[in-house]
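Heads up: the structure comes next, in structure tokens.
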Ligand SMILES: [Zn+2]
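Protein chains in written order, with my numbering: chain A, 1 to 254; chain B, 255 to 466.
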């Protein structure tokens with residue numbers, strides 16, 4: 001865990017930490033910060049929810065994210081949308097290629113059925129945590145409840161569907177796979193490192209994920225997320241209006 | 255799965271027409287059955303469900319998808335809550351497939367999907383917002399307006415991971431029937447969407463029937 005506290009605004013300033021499986025974490029991540037998640041072990045899963053910290057009822061919206069970009073998978077070039085038509089963050093780098101956002105979380109009943117009950121008394125911090133409870137714990141710190149929980153992302157887990165809609169967890173990331181998110185507005189990030197709800201691993205996965213924060217580069221005109229589709233260009237226009245950047249908002253006018 | 259209902263319309267205890275662009279909110283008691291009829295075809299009924307005794311417990315698309323291991327809803331599907339409890343069961347379906355991935359249309363997402371100037375067009379989410387404002391007795395707030403079911407809508411996923419909005423597989427008179435497994439608040443927005451083929455660019459009414 002490192003942070004340049006002498007000069008936290010320096011461009012080279014970084015923060016980095018390692019999350020082992022079964023943990024939960026949150027931070028208000030400011031606009032123009034980028035977050036890189038790296039699977040240090042292979043086989044990881046990171047559940048994530050996003051909120052607008054100044055209006056906590058604005059949150060990550062999986063359906064809008066998918067249909068705005070005509071996609072079922074999430075990868076580089078895609079933006080993560082709020083329910084208010086704005087972009088929380090863009091996926092500017094991805095070595096894995098297919099992240100899930102429809103399968104949600106495991107509950108304690110799933111974990112118990114597959115790998116045995118969570119038991120702190122016996123297992124200490126290797127206890128079998130589940131995604132749903134992990135989110136509840138972290139959300140409570142912001143006065144948020146189960147009512148505020150949305151469909152979450154599952155980074156590093158590829159879930160495909162057959163013609164008749166049957167789902168399969170097809171692939172997890174390998175060691176050193178990583179994904180980088182560039183934050184386009186201030187965002188409360190809530191995450192856990194519990195197993196994907198469709199995981200059928202023989203043992204409760206023991207994985208680790210590195211989380212790194214640093215200053216991002218300004219978005220260039222040829223940015224792959226901005227230019228992924230016209231929908232994303234309009235999403236960024238909505239962000240400009242939110243930030244009152246009128247020169248961007250009306251750039252298409254003569 | 256196509257499965258016809260044994261229930262006759264004449265024995266229903268309640269019948270209502272919901273015009274396109276309107277909302278409908280109603281409690282369905284445990285054991286009662288509700289039928290939604292696509293009267294003219296190609297309509298989308300964007301629907302949310304809540305436990306009537308505890309609206310913090312409500313329909314969860316992700317829990318439903320995960321538990322049945324399938325993206326599409328049809329006869330035999332059990333609709334799950336965010337607490338992973340059984341909320342409703344689809345007991346009859348003459349359409350064959352219903353979407354729960356695509357979500358509802360909203361003024362805000364319309365600006366992204368179609369044009370910044372479409373913000374003024376009526377959308378499902380606005381219907382729900384009016385419903386929760388006009389019906390405080392149900393105790394619903396914005397946080398409860400979540401990931402819904404789109405009855406009669408067809409949103410297939412390709413092997414490459416694309417999401418497509420197809421012309422409906424519904425037709426005039428097709429219906430879906432749900433049995434309540436707990437006392438349930440049903441909140442429908444009968445979709446007013448004019449920009450995509452989910453309702454053939456021509457939103458039309460649905461009918462709601464309830465049996466004891
Ligand atoms: Zn709609």
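Virtual Cβ for every residue (Gly too), placed ideally from N, Cα, C.
For residue i, collect the residues of the same chain with a Cβ closer than 7 Å to its Cβ; drop the 5 residues on either side in sequence, then sort them by chain order.
i	result
residue 368(B)	449
residue 233(A)	226
residue 229(A)	69
residue 83(A)	58, 59, 61, 64
residue 12(A)	none
So, for residue i: in the same chain, excluding its five sequence neighbours on each side, which residues have a beta-carbon less than 6 Å away from its beta-carbon?
i	result
residue 461(B)	271, 291, 293
residue 207(A)	21, 41, 43, 44
residue 100(A)	154, 157, 159
residue 456(B)	none
residue 289(B)	429, 431, 463
residue 186(A)	30, 31, 53
residue 51(A)	59, 188
residue 199(A)	none
From the DSSP output, which residues share a beta bridge with residue i?
i	result
residue 245(B)	Any answer about residue 245(B) is impossible in this case: the structure gives chain B only from 255 up to 466.
residue 52(A)	55(A)
residue 178(A)	38(A)
residue 214(A)	14(A), 34(A)
residue 334(B)	340(B)
residue 71(A)	416(B)
residue 79(A)	90(A)
residue 160(A)	168(A)
Taking all protein chains shown into account, decide if residue i is buried (16 or more other Cβ within 10 angstroms of its Cβ) or exposed.
i	result
residue 55(A)	exposed
residue 197(A)	buried
residue 322(B)	buried
residue 263(B)	exposed
residue 427(B)	exposed
residue 254(A)	With a pLDDT of only 41 at residue 254(A), under 50, the local geometry of the prediction cannot be trusted, and no value is derived from it.
residue 244(A)	exposed
residue 164(A)	exposed
residue 184(A)	buried
residue 235(B)	The structure shown does not extend to residue 235(B), since chain B is modelled only from 255 through 466, so no value can be given for it.
residue 120(A)	exposed
residue 466(B)	exposed
residue 327(B)	buried
residue 221(A)	exposed
residue 47(A)	buried
residue 296(B)	buried
residue 418(B)	exposed
residue 124(A)	exposed
residue 231(A)	buried
Assuming contact is defined by CB atoms lying nearer than 8 Å, are residue i and residue j in contact in what I supplied?
i	j	result
residue 325(B)	residue 411(B)	yes
residue 524(B)	residue 304(B)	Only positions 255 to 466 of chain B appear in this structure, which leaves residue 524(B) out of reach.
residue 403(B)	residue 379(B)	no
residue 224(A)	residue 77(A)	yes
residue 49(A)	residue 140(A)	no
residue 349(B)	residue 424(B)	yes
residue 226(A)	residue 35(A)	no
residue 395(B)	residue 407(B)	no
residue 353(B)	residue 255(B)	no
residue 16(A)	residue 193(A)	no
residue 468(B)	residue 359(B)	Here chain B comprises residues numbered 255 to 466, so residue 468(B) is not present and cannot be evaluated.
residue 315(B)	residue 444(B)	no
residue 28(A)	residue 188(A)	yes
residue 57(A)	residue 329(B)	no
residue 14(A)	residue 138(A)	no
residue 442(B)	residue 278(B)	yes
residue 135(A)	residue 179(A)	no
residue 370(B)	residue 435(B)	no
residue 376(B)	residue 275(B)	yes
Who are the Cβ neighbours of residue i in its own chain at under 8 Å, not counting the five residues just before and after it?
i	result
residue 235(A)	68, 79, 81, 85, 86, 87
residue 420(B)	408, 409, 410, 451
residue 374(B)	361
Could you tell me which of the options sits nearest to residue i, measuring between CA atoms?
i	options	result
residue 169(A)	103(A), 58(A), 188(A), 64(A)	103(A)
residue 201(A)	31(A), 110(A), 124(A)	110(A)
residue 132(A)	383(B), 335(B), 363(B), 364(B)	335(B)
residue 266(B)	287(B), 283(B), 280(B)	287(B)
residue 162(A)	417(B), 413(B), 433(B)	413(B)
residue 108(A)	374(B), 361(B), 337(B)	337(B)
residue 19(A)	105(A), 13(A), 32(A), 37(A)	37(A)
residue 284(B)	441(B), 343(B), 390(B)	343(B)
residue 217(A)	25(A), 33(A), 72(A)	33(A)
residue 239(A)	366(B), 295(B), 420(B)	366(B)
residue 317(B)	331(B), 440(B), 389(B)	331(B)
residue 345(B)	433(B), 452(B), 420(B)	433(B)
residue 75(A)	60(A), 64(A), 95(A), 63(A)	95(A)
residue 39(A)	214(A), 209(A), 237(A)	209(A)
residue 310(B)	339(B), 319(B), 320(B)	339(B)
residue 115(A)	125(A), 130(A), 105(A)	130(A)
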